[in-house]
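Residue numbering for the sequence shown follows our numbering, beginning at 319 and increasing consecutively.
Ideal Cβ placement from N, Cα and C applies to all residues, glycine included.
Source: prediction; values computed, not measured.
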Amino acid sequence: GTQTVVDTGVSWLVNRDCMLDAMIVHGLNRNTPDLSLAFGISIRR
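Rendered as structure tokens:
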């Protein structure tokens, strides 16, 4: 079935070569998980 969510996220540029990010997702119907979290890191080499 259809999944409906609302989400938001933030990112932080630690320095020129590193960025951290986080996201939270809230499901709005029965076909969608109630809550999801995601974290990430990006590194430029």
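- Remark: C-beta atoms of residue 346 and residue 322 approach each other more closely than 8 Å.
- The beta carbon of residue 326 is closer than 8 Å to those of 341, 342 in its chain, skipping five residues each way along the sequence.
- Contact between residue 339 and residue 329 holds: CB atoms are separated by about 4 Å, below the 8 Å threshold.
- Bounds of any beta strand (DSSP E) do not take in residue 319, whose DSSP letter is neither H nor E.
- A distance below 6 Å between beta-carbons, with the five flanking residues on each side excluded, links residue 356 to the following residues of its chain, in chain order: 341.
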